[in-house]
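According to UniProt numbering, the stretch in the sequence shown is residues 1 to 977, in order.
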Amino acid sequence: MKRRDVLFVTKAIALASGPFLARAQQAGAKGRDIRLEATRDAWVSEVGREADGNNGAAPRLKLKSYQEMSLLDVDASPLSGRVIEAATLHLKHAGDPPLRRVTVGGIGAEWFEGTGSNYSTDPGGATFHRRRHPDLPWSVGGGDLCHVILGNGGTNWGNADATAPDADGWQEIEVRPAVVAARVAGLSHGFLLFDDTGSEFARKGDRFELRLLPNRFAFSKDQNRATAPYLTVRLGAEDRRAPRAPTGLESSPLEGSPGEAVASWVTPRDEGPAGTLGFVATLDGKALPRELIPLADAPGKRVEMHLRDLGLEPGKSASLTVAAVDAAGNVGPAAKAAVRLAGRMEVPLPMPTRAAERPGRGASAAAAGGGLPRLGDAEVAVIDELVKVHPETGRMIPPQPAGVLRGSPIWDAASRTIRLEAARNESVAFQVLIRGASPIRVDAPRMGLEMEGGQGGRGLGVEAAFGRYHLVPTAEGPLPDPIVPLGPAGALAPAEPAGRFVARGLHAELYVPHEAAAGMHRGTLTIESGRDRLDLAVALRVRDFTLPDHLSFLPEMNAYGLPEDERDYYRLAHRHRTVLNRLPYHQDGRMSEGCAPGLVGEGPARRLDWTAWDRRFGPLLDGSAFADLPRKGVPVECFYLPLHENWPSPMEGNYRGGYWADQAFPESYRRAFALASQQFAEHFRDRGWGDTLFHGFLNNKNNFKAAGWSRGSSPWLLDEPANFQDFWALRYFARAFHEGVNRARGGASGGPHPGRASFPRMVFRADISRPQWRRDTLDGLLDYLVVSSAMREYPRLVLDRKRRLGEIVVEYGSTNPVTASNWQPVSWCLDAWTLGADGVLPWQTIGDAASWRKADELALFYPLVDGRGRAAGVAPSIRLKAYRRGQQDVEYLTLWARHRGLPREALAAPVRRALKLAGTRRATEAGGPEDAGRIDPAGFDPDALRSLRSGIGEALSRARPAPAARLVDFRTPPREP
Numbered sequence: 001m002k003r004r005d006v007l008f009v010t011k012a013i014a015l016a017s018g019p020f021l022a023r024a025q026q027a028g029a030k031g032r033d034i035r036l037e038a039t040r041d042a043w044v045s046e047v048g049r050e051a052d053g054n055n056g057a058a059p060r061l062k063l064k065s066y067q068e069m070s071l072l073d074v075d076a077s078p079l080s081g082r083v084i085e086a087a088t089l090h091l092k093h094a095g096d097p098p099l100r101r102v103t104v105g106g107i108g109a110e111w112f113e114g115t116g117s118n119y120s121t122d123p124g125g126a127t128f129h130r131r132r133h134p135d136l137p138w139s140v141g142g143g144d145l146c147h148v149i150l151g152n153g154g155t156n157w158g159n160a161d162a163t164a165p166d167a168d169g170w171q172e173i174e175v176r177p178a179v180v181a182a183r184v185a186g187l188s189h190g191f192l193l194f195d196d197t198g199s200e201f202a203r204k205g206d207r208f209e210l211r212l213l214p215n216r217f218a219f220s221k222d223q224n225r226a227t228a229p230y231l232t233v234r235l236g237a238e239d240r241r242a243p244r245a246p247t248g249l250e251s252s253p254l255e256g257s258p259g260e261a262v263a264s265w266v267t268p269r270d271e272g273p274a275g276t277l278g279f280v281a282t283l284d285g286k287a288l289p290r291e292l293i294p295l296a297d298a299p300g301k302r303v304e305m306h307l308r309d310l311g312l313e314p315g316k317s318a319s320l321t322v323a324a325v326d327a328a329g330n331v332g333p334a335a336k337a338a339v340r341l342a343g344r345m346e347v348p349l350p351m352p353t354r355a356a357e358r359p360g361r362g363a364s365a366a367a368a369g370g371g372l373p374r375l376g377d378a379e380v381a382v383i384d385e386l387v388k389v390h391p392e393t394g395r396m397i398p399p400q401p402a403g404v405l406r407g408s409p410i411w412d413a414a415s416r417t418i419r420l421e422a423a424r425n426e427s428v429a430f431q432v433l434i435r436g437a438s439p440i441r442v443d444a445p446r447m448g449l450e451m452e453g454g455q456g457g458r459g460l461g462v463e464a465a466f467g468r469y470h471l472v473p474t475a476e477g478p479l480p481d482p483i484v485p486l487g488p489a490g491a492l493a494p495a496e497p498a499g500r501f502v503a504r505g506l507h508a509e510l511y512v513p514h515e516a517a518a519g520m521h522r523g524t525l526t527i528e529s530g531r532d533r534l535d536l537a538v539a540l541r542v543r544d545f546t547l548p549d550h551l552s553f554l555p556e557m558n559a560y561g562l563p564e565d566e567r568d569y570y571r572l573a574h575r576h577r578t579v580l581n582r583l584p585y586h587q588d589g590r591m592s593e594g595c596a597p598g599l600v601g602e603g604p605a606r607r608l609d610w611t612a613w614d615r616r617f618g619p620l621l622d623g624s625a626f627a628d629l630p631r632k633g634v635p636v637e638c639f640y641l642p643l644h645e646n647w648p649s650p651m652e653g654n655y656r657g658g659y660w661a662d663q664a665f666p667e668s669y670r671r672a673f674a675l676a677s678q679q680f681a682e683h684f685r686d687r688g689w690g691d692t693l694f695h696g697f698l699n700n701k702n703n704f705k706a707a708g709w710s711r712g713s714s715p716w717l718l719d720e721p722a723n724f725q726d727f728w729a730l731r732y733f734a735r736a737f738h739e740g741v742n743r744a745r746g747g748a749s750g751g752p753h754p755g756r757a758s759f760p761r762m763v764f765r766a767d768i769s770r771p772q773w774r775r776d777t778l779d780g781l782l783d784y785l786v787v788s789s790a791m792r793e794y795p796r797l798v799l800d801r802k803r804r805l806g807e808i809v810v811e812y813g814s815t816n817p818v819t820a821s822n823w824q825p826v827s828w829c830l831d832a833w834t835l836g837a838d839g840v841l842p843w844q845t846i847g848d849a850a851s852w853r854k855a856d857e858l859a860l861f862y863p864l865v866d867g868r869g870r871a872a873g874v875a876p877s878i879r880l881k882a883y884r885r886g887q888q889d890v891e892y893l894t895l896w897a898r899h900r901g902l903p904r905e906a907l908a909a910p911v912r913r914a915l916k917l918a919g920t921r922r923a924t925e926a927g928g929p930e931d932a933g934r935i936d937p938a939g940f941d942p943d944a945l946r947s948l949r950s951g952i953g954e955a956l957s958r959a960r961p962a963p964a965a966r967l968v969d970f971r972t973p974p975r976e977p
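Rendered as structure tokens:
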């Protein structure tokens with residue numbers, strides 16, 4: 001059919017719809033099913049440029065998992081005042097494959113059908129980005145369609161398996177009555193049609209066949225009337241009685257978010273049979289946007305509304321009214337209350353002027369003819385530890401000011417003085433740059449620090465460690481990345497690439513312990529090479545406050561395996577105020593040796609044998625593995641549990657096939673999973689291991705089956721879920737996980753710590769790259785959300801849930817490559833924290849032997865081996881030390897907010913402005929659709945950060961806050977699966 005014919009048919013259908021609906025209403029009055037024709041429909045796409053395209057006049061509707069979906073509406077007025085007993089959507093299938101499981105849900109904003117096809121960008125119609133292109137976004141905050149569908153924006157949804165196409169190609173989909181009722185009651189603006197199955201797969205022997213995101217089509221109303229979608233609805237009892245008024249209406253300003261507030265009230269009982277379904281609300285007499293108003297909970301349960309994105313005057317009071325609406329469309333009496341909106345918090349940051357904080361750039365540094373100190377024939381200067389210096393050219397990454405070698409906030413060449421500032425329980429470091437004629441010679445350098453009042457680098461308790469910047473080959477020549485310790489351990493590092501080097505770096509690190517006295521401490525740094533020696537003065541100002549032992553921000557170093565000397569890796573991460581978390585199983589379902597307790601017995605009598613597991617991992621969980629480190633005795637903050645789809649029960653013999661996890665396994669499989677979760681919680685409770693976040697996490701992905709069914713354990717994408725079947729599988733495992741945890745929570749402790757109040761921090765974790773498609777499926781089940789940089793595109797969807805549901809949010813990505821600026825981890829930590837995240841996670845961090853031979857952006861830990869090829873320790877990348885810098889900087893901000901009595905949100909905006917934090921996602925060299933990406937530091941200003949740290953440090957030192965071992969308690973609420 002040509003396009004002009006389709007447009008003619010469209011008009012004909014529109015003219016005919018009124019009389020038909022009248023006939024339908026008469027039929028309904030006699031108790032038969034009512035048939036409601038589609039009055040408008042369109043399909044939209046989230047893919048690339050198609051996201052701005054309209055298909056309101058297309059002859060077909062398209063459903064393609066999360067990529068393409070359709071909108072549809074009917075005239076629901078004939079249903080008003082009646083209970084809806086059942087509803088069915090009828091679609092005429094238009095080409096292979098047929099529809100499978102389909103969601104039909106509400107739409108939380110009015111939309112405009114449009115007259116486009118083939119993703120037309122003509123103005124006036126609905127697209128994925130706009131409910132009316134190009135000027136009217138779907139949400140009041142400017143968000144796309146995801147903000148007003150699938151449980152977001154006050155919407156509901158339901159799903160069902162479509163019937164097989166009949167002889168004429170028609171398929172039927174049961175629709176949840178509450179979804180239709182929401183349209184009747186004016187709580188939604190039509191229906192979303194969504195393909196839940198998405199990708200299809202089949203097993204043929206050991207061969208895995210995947211059909212990736214097939215296109216599914218149905219005819220639209222613009223094809224012709226005979227093939228147009230329609231809805232049939234079975235009506236129940238008449239209901240003209242409205243719900244009661246909500247009770248307990250209250251609100252509080254959302255401090256730190258100017259012009260915002262959170263209101264809540266108790267869902268009232270409906271006087272009629274339909275049941276309370278939702279609410280209407282006004283603020284100062286103006287109707288609030290539908291997307292802000294929640295649907296009802298069960299009678300007696302409290303619901304919450306976040307007033308935001310309304311442009312309201314900060315600090316103002318407003319009059320709020322809320323009335324309940326039932327599923328028959330009856331509106332009850334309103335409750336009224338005054339709402340006070342959060343005021344604007346002026347938070348001046350304590351940042352000294354640049355001149356005042358840079359003594360090294362004063363008169364002494366500017367003295368004419370002032371040369372650099374020398375070590376033999378080489379010049380010596382001190383620069384920031386994170387500055388990367390090309391050994392063959394002396395080029396600095398990032399570029400530094402011209403006078404940096406003579407003077408900076410940490411260095412005064414004229415007086416040969418290194419100036420440092422640190423809190424107690426903080427590490428501070430610098431780089432000693434040695435440069436000269438090629439080839440520069442630094443023979444087996446030796447370094448030492450003697451502080452006044454002590455010997456051996458431990459004066460007044462200050463601890464010192466020294467290393468050298470080891471070179472690795474890159475596309476831009478050799479560049480420094482591993483920090484190899486000076487002394488015997490350094491001999492274990494492989495040989496460096498050859499070259500004629502004019503610049504080399506040494507690394508010096510000072511740790512200020514808890515008991516160090518505040519004030520200025522002076523000492524001497526000695527550098528020796530052969531017979532040459534250079535002494536530099538060290539002036540260390542110890543601030544009068546202490547960083548907490550327990551991390552307030554979690555730089556989680558993800559790992560998929562560790563060498564045999566694994567304890568060294570955990571200790572190195574701990575020393576650097578990061579947390580190493582090693583996944584204990586593989587994509588094919590194999591458990592890494594010794595990483596799960598033994599299984600004893602079968603069925604309900606099965607128990608876990610903890611003997612070997614406790615011996616290996618217990619010291620990490622009770623903190624004894626770190627007893628001699630700066631944060632003495634603090635256990636690892638995070639720890640993966642071995643629970644996954646292939647343990648404790650194997651997939652083989654249990655997985656019965658199919659896309660839907662709740663139908664794919666026998667009940668015995670689910671019970672075994674819950675029992676194992678219970679036994680982990682009971683064991684940790686009895687051992688008193690209450691500080692670690694124990695992660696119940698499913699990492700496996702079905703694309704590993706491409707090499708053979710047995711090569712991958714999971715039939716779903718449990719890591720980075722894409723299709724709804726993947727999210728549904730996570731829900732299945734999350735419910736079983738929490739069922740077991742709750743049974744342990746309800747039991748009495750019989751272990752050695754019966755009086756311990758702290759129940760183990762058992763958290764269900766999911767790594768989600770598409771948070772916009774998560775729906776509300778994991779609400780109240782997910783504790784630890786590791787989310788991609790999509791958090792930055794969908795902050796409302798991610799962070800509103802964090803606030804409401806008590807989720808911990810960690811952003812995942814990648815670390816800067818060896819050729820790029822080492823400030824990236826620092827800026828990423830600060831950027832993520834100011835956006836509301838609780839941590840960052842580089843997705844892989846463990847290097848191997850090849851990482852020494854070719855630059856490896858994933859290698860933050862470099863393995864050392866002895867002459868026999870045995871594991872002999874680990875060396876940190878300078879980029880690992882950058883994560884420590886970022887973590888410590890967040891501790892400064894956390895302490896400052898606590899001292900000032902400010903919410904984190906109040907600091908976020910001024911800190912972002914001051915530091916020029918505007919991180920954006922960049923693809924990594926790997927690329928691809930599932931690329932973790934990297935948060936690029938963009939215009940980040942390290943000098944401003946140094947100034948801010950110095951100012952906060954001085955202010956906190958004057959305030960002398962009492963030391964606290966923990967500032968942030970990462971404890972999630974109990975879950976009810």
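Beta carbons are placed, not taken as given, at the ideal position from N, Cα and C, and that holds for glycine.
> Should Asp270 and Thr276 be called a contact, given that it needs their Cβ atoms to be closer than 8 Å?
Replying inline: For the purposes of this step, residue 270 is taken as residue 270 along the sequence shown, with counting starting at 1. For the purposes of this step, residue 276 is taken as residue 276 along the sequence shown, with counting starting at 1. For Asp270 and Thr276, yes; Cβs fall inside 8 Å.
>> By the three-class DSSP mapping on this structure, what secondary structure does Val233 have?
In response: Residue 233 sits at position 233 when you count from the first residue of the sequence shown. Three-state result, Val233: strand.
> What does a CB cutoff of less than 6 Å around Val484 pick up in its chain, not counting 5 residues either side in sequence?
Replying inline: In the sequence shown, counting from the first residue as 1, residue 484 sits at position 484. The answer, listed in chain order, is Gly467, Arg468, His470, Gly490, Ala493, Ala875.
>> I'd like the ranges of any beta strand (DSSP E) spanning at least 3 consecutive residues and lying wholly in the segment 724–788.
In response: If we require 3 residues or more, the beta strand (DSSP E) runs fully inside the segment 724–788 come out as 761–768, 784–787.
>> According to DSSP, is Pro616 part of a helix, a strand, or is it coil?
In response: As a first step, residue 616 must be located in the sequence shown, where it is residue number 616. Note that residue 616 is Arg in the sequence shown here, rather than Pro. Helix.
> Does the beta-carbon distance from Leu562 to Arg582 come in below 8 Å?
Replying inline: Locating residue 562 in the sequence shown gives position 562, where the first residue counts as 1. Locating residue 582 in the sequence shown gives position 582, where the first residue counts as 1. Yes, they are a contact pair.
> Where does the unbroken beta strand (DSSP E) through Tyr812 begin, and where does it stop?
Replying inline: Here the question's residue 812 lines up with position 812 in the sequence shown. Start and end: 808–813.
> What residue range is occupied by the uninterrupted beta strand (DSSP E) comprising Tyr560?
Replying inline: As a first step, residue 560 is located in the sequence shown; it is residue number 560 there, counting from the start. No beta strand (DSSP E) holds Tyr560; DSSP gives it neither H nor E.
>> Rounded to the nearest angstrom, what separates Ala681 and Pro825 at their Cα positions?
In response: In the sequence shown, the residue the question calls residue 681 occupies position 681. In the sequence shown, the residue the question calls residue 825 occupies position 825. Their backbone Cα atoms lie some 34 Å apart in a straight line.
>> Among Pro177, Val262, Phe279, Leu288, whose alpha-carbon lies nearest the alpha-carbon of Arg234?
In response: Counting from one through the sequence shown, the residue named residue 234 turns up at place 234. Nearest C-alpha to Arg234: Pro177.
> What are the start and end residues of each continuous beta strand (DSSP E) run of 3 or more residues lying completely inside the segment 298–358, in chain order?
Replying inline: 302–307, 317–326, 331–340
> Is it buried or exposed for Pro134, if we count other Cβ within 10 angstroms and need 16 for buried?
Replying inline: Counting from one through the sequence shown, the residue named residue 134 turns up at place 134. Under this definition Pro134 is an exposed residue.
>> Helix, strand or coil for Ala87? Go by DSSP, reduced to three states.
In response: One-based indexing of the sequence shown puts residue 87 at position 87. Note: Ala87 maps to strand in three-state DSSP.
>> My assumption, with CB atoms under 8 Å, is that Thr321 sits in contact with Gly300. Please give the rounded CB distance.
In response: Numbered from its first residue, the sequence shown carries residue 321 at position 321. Numbered from its first residue, the sequence shown carries residue 300 at position 300. Not quite, the Cβ-Cβ distance comes to about 21 Å (not below 8 Å), so this is no contact.
>> Along the chain, where does the beta strand (DSSP E) containing Asp481 start, and where does it finish?
In response: Position 481 of the sequence shown holds residue 481. Element bounds for Asp481: 479–485.
>> If you follow the beta strand (DSSP E) that Ile34 is in, where does it begin and where does it stop?
In response: What you label residue 34 is simply residue 34 of the sequence shown in a count that begins at 1. Run containing Ile34: 34–45, per the beta strand (DSSP E) assignment.
> Taking the DSSP output, what are the residues bridged to Ser714?
Replying inline: The sequence position of residue 714 within the sequence shown is 714, counting from 1. Ser714 pairs with nothing; no bridge assigned.
>> Counting C-beta neighbours from all protein chains within 10 Å, is the total for Lys92 16 or more, i.e. buried, or is it exposed?
In response: On the sequence shown, position 92 is the one that residue 92 refers to. So Lys92 ends up on the buried side.
> Pick from His129, Gln171, Phe208: whose alpha carbon is nearest that of Ser710?
Replying inline: Reading the sequence shown from its first residue, position 710 is the one you call residue 710. Closest by alpha carbon: Phe208.
> For the putative contact between Ala914 and Arg904, defined by C-beta atoms under 8 Å, what is the C-beta separation to the nearest angstrom?
Replying inline: Residue 914 sits at position 914 when you count from the first residue of the sequence shown. Residue 904 sits at position 904 when you count from the first residue of the sequence shown. That pair is no contact at about 15 Å.
> In whole angstroms, what separates the C-alpha of Pro342 from that of Glu260?
Replying inline: Indexing the sequence shown from 1 puts residue 342 at position 342. Indexing the sequence shown from 1 puts residue 260 at position 260. The displayed chain sequence assigns Ala, not Pro, to residue 342. Near 5 Å, if we compare the C-alpha coordinates of Glu260 and Ala342.
> Are the segment 805–824 and the segment 383–396 in contact at 8 Å, needing three or more beta carbon pairs?
Replying inline: yes
>> Report the start-end ranges of each beta strand (DSSP E) in the segment 123–195 that is 3 residues or longer and not cut off at the edges.
In response: 130–132, 157–161, 170–175, 191–195
> Taking Cβ positions, are Glu291 and Gly394 nearer each other than 8 Å?
Replying inline: Taking the first residue of the sequence shown as position 1, residue 291 is located at position 291. Taking the first residue of the sequence shown as position 1, residue 394 is located at position 394. No; because the gap between Cβ atoms is not below 8 Å, this pair is not in contact.
> When you compare each of Trp613, Gly407, Val512, Pro584 to Leu598 by their alpha carbons, which one comes out closest?
Replying inline: Looking up residue 598 in the sequence shown gives position 598. The question names Leu, yet the displayed sequence has Gly at residue 598. If we check each option's Cα against that of Gly598, Trp613 comes out closest.
> Between the segment 308–328 and the segment 154–161, do at least 3 Cβ pairs fall closer than 8 Å?
Replying inline: no
> How about Leu99 and Ala228: do their beta carbons lie closer than 8 Å?
Replying inline: Locating residue 99 in the sequence shown gives position 99, counting from the first residue. Locating residue 228 in the sequence shown gives position 228, counting from the first residue. No; because the gap between Cβ atoms is not below 8 Å, this pair is not in contact.
> Given residue 1058, which residues of its chain have a CB within under 6 Å of its CB, disregarding the five upstream and five downstream residues?
Replying inline: The question about residue 1058 has no answer, for the chain in this structure spans 1 to 977.
> Straight-line CA distance for Trp728 to Val865?
Replying inline: Here residue 728 refers to the residue found at position 728 of the sequence shown. Here residue 865 refers to the residue found at position 865 of the sequence shown. Cα-Cα distance, rounded: 45 Å.
> Residue ranges of each beta strand (DSSP E) run of no fewer than 3 residues wholly in the segment 515–588, ordered along the chain?
Replying inline: Listed in chain order, the complete beta strand (DSSP E) runs (minimum 3 residues) inside the segment 515–588 are 519–529, 532–546, 554–559, 579–582.
> Apart from the five residues on each side of it in sequence, which residues of its chain come closer than 7 Å, Cβ to Cβ, to Phe112?
Replying inline: Here residue 112 corresponds to residue number 112 of the sequence shown, with the count starting at 1. Gly124, Gly125, Ala126, Arg131, Arg132.
>> Quick check on the DSSP output: what are the complete beta strand (DSSP E) runs of length 3 or more inside the segment 55–122, in order along the chain?
In response: Counting whole runs of 3 or more residues, the segment 55–122 contains the beta strand (DSSP E) stretches 60–63, 68–74, 82–92, 101–106.
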